[in-house]
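The next block holds one structure in the form of structure tokens; read it before the comments.
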Amino acid sequence: MTTANDQAHMSAALALAERGLGDTWPNPSVGCVLVKDGVVVGRGTTQSGGRPHAETVALERAGSAAKGATAYVSLEPCSHHGKTPPCADALIAAGIVRVVTGATDPDPRVSGGGLAKLRQAGIQVDAQGPWQGRANALNRGFFLAKTAGRPLFALKTATGLDGRIAMASRESRWITGPQARRMGHLLRARFDAILVGSGTVLADDPELTCRLEGYGGRPKVRVVLDRRLRTPAGSKLAKTAKTVPTWVLTTPGGAQQGQALANMGVELIVVENTANGGAFAAAAAQILAKRGLTRVLVEGGGNVAASLLDVGLVDEIAWFRANRVMGGDGLPAISGLAIGKLADTPAFKLAYSLSLGPDRLDMLDRAPT
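Residue numbers 431 to 799, in our numbering, belong to the letters of the sequence shown in order.
Structural data, given as structure tokens:
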């Protein structure tokens, strides 16, 4: 039975885990709090790049005070030998007497094995609690990578009131104000990668970096879906590819023409299924997950958004909305998505809204079907 103290300490562990989102891939971001006689004796988070794990960090900070403590861990401790020893073994060796977990790890190498190992060692394990919904949501991208073979995709768009992302002339700077743009960089900080289509590269020549003041995490992987390999060698992405990871996903034929990009440090990745935009996006999603990505922020443009929506790959939407009307001849946020019936339209539910100066951000989650 969980107590108010359990809820408070697990909430702290989950808050620690949330800090690492976007910086720990291919591993999940985990938080761990060690408590003994009502006093926190150690805290830890998964470190940049995924190692060391949160439990290891917390145990090192606690030292001998960990003996007899309760460990609150946002995700089931691992039980397999990878590049580091199992966290379950470390908890046992440290003399932890109780472990409270936020969510069960679906990785087939773990998936209940960590909890079983702890119980076999005589440790009390509590794996159920009112925090499970929050814990599952926090780990959603990692869970999708393990169970569906794809990362979580969040579609970020900035539009006027009429859903246009640019004027007919393609002018789009700036639809929203500085507060909204800072929030956009905060969103980037919480994702492993930023994805666009080649049309956005040609139209905007973006940097796709996280320029949030004080951000010290790893550079975001920049992903371009580019079936025809139109990404210019003179683009900002290509020019900085040796310092910021840049992946261009293209067709077998396109890759043969990409030597100039490859020489500049761009990694060309061949996608075999290129029948249409949706098939290409779905195949690309599988590749990104195999390469370790768990959370991908999609920033454009309308064709890429339509391709992902067409195959059911948009899990969240971050909709920045300015109080301006841009006209019916402007470029739509979603273009080329044909849906015959209202009942077949992708539906989303509002998670929360924020006022950002004159603008607004609506965060939406994919509604259950």
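Cβ atoms here follow ideal geometry from the backbone N, Cα and C, with glycine treated the same way. As the structure is a computational prediction, the values presented were derived from the model and not from experiment.
Q.
Helix, strand or coil for C517? Go by DSSP, reduced to three states.
A. Within the sequence shown, residue 517 is the residue found at index 87, counting from 1. Reduced to three states, the DSSP call for C517 is helix.
Q: Please classify I764: is it buried, with 16 or more other beta-carbons within 10 angstroms of its beta-carbon, or exposed?
A: For the purposes of this step, residue 764 is taken as the residue at position 334 of the sequence shown. The C-beta of I764 has 16 or more other C-beta atoms within 10 Å across all chains shown, which makes the residue buried.
Q) Secondary structure at Q687, three-state DSSP: helix, strand or coil? A) To locate residue 687, count along the sequence shown from 1; it is residue 257. In the structure shown, Q687 sits in coil (DSSP, three-state: anything other than H, G, I, E or B).
Q.
As a quick exercise: from G544, L727 and S504, pick the residue whose alpha carbon is nearest that of I522.
A. As a working note, residue 522 is residue 92 in the sequence shown. For I522, the nearest C-alpha among the options comes from G544.
Q: Check the Cβ-Cβ distances between A578 and every residue of chain C, and say whether any is below 8 Å.
A: You won't find chain C in this structure, because it holds only one protein chain.
**Q.** Residue range of the unbroken alpha helix (DSSP H) whose run includes L632
**A.** Position 202 of the sequence shown, counted from the start, is the residue given in the question as residue 632. Secondary structure note for L632: its alpha helix (DSSP H) is the uninterrupted segment S628 to D634.
Q. Is L625 closer than 8 Å to L659 when the C-beta atoms are compared?
A. Taking the first residue of the sequence shown as 1, we reach residue 659 at position 229. Taking the first residue of the sequence shown as 1, we reach residue 625 at position 195. No.
Q: Decide yes or no for the touch test of the stretch 628 to 643 against the stretch 581 to 590: beta carbon pairs closer than 8 Å, at least 3 of them.
A: Per the Cβ contact rule, the stretch 628 to 643 is not in contact with the stretch 581 to 590 (fewer than 3 Cβ pairs under 8 Å).
(Q) Using a Cβ-Cβ cutoff of less than 7 Å, which residues in the same chain neighbour R449 once the five nearest sequence positions on both sides are dropped? (A) Start at 1 with the first residue of the sequence shown, and residue 449 comes out as number 19. Cβ neighbours of R449 beyond the five flanking positions: T475.
(Q) Taking its Cβ as the centre, do 16 or more other Cβ atoms sit within 10 Å of N457, making it buried, or is it exposed? (A) Position 27 of the sequence shown, counted from the first residue, corresponds to residue 457. If you draw a 10 Å sphere on the C-beta of N457, you find 16 or more other C-beta atoms in it, and that means buried.
Q. At what residue ranges does the stretch 689 to 717 contain a whole run of the beta strand (DSSP E), taking only runs of 3 or more?
A. Those beta strand (DSSP E) runs which fall completely within the stretch 689 to 717 and span 3+ residues are 697 to 700.
Q | L791 - DSSP class collapsed to helix/strand/coil | A | Within the sequence shown, numbered from 1, the residue matching residue 791 stands at position 361. The answer is strand: DSSP assigns L791 an E or B state.
Q. Taking just the CA atoms, how far does L767 sit from A736?
A. Here residue 736 is taken as the residue at index 306 of the sequence shown, counted from 1. Here residue 767 is taken as the residue at index 337 of the sequence shown, counted from 1. Straight through space, the alpha carbons of L767 and A736 are spaced by roughly 5 Å.
Q: Per DSSP, which residues does T783 bridge with? Please list them.
A: In the sequence shown, residue 783 corresponds to position 353, counting from 1. For clarity, residue 783 is Ser in the given sequence; the question names Thr instead. For S783, which the question treats as bridged, DSSP gives the partners D792.
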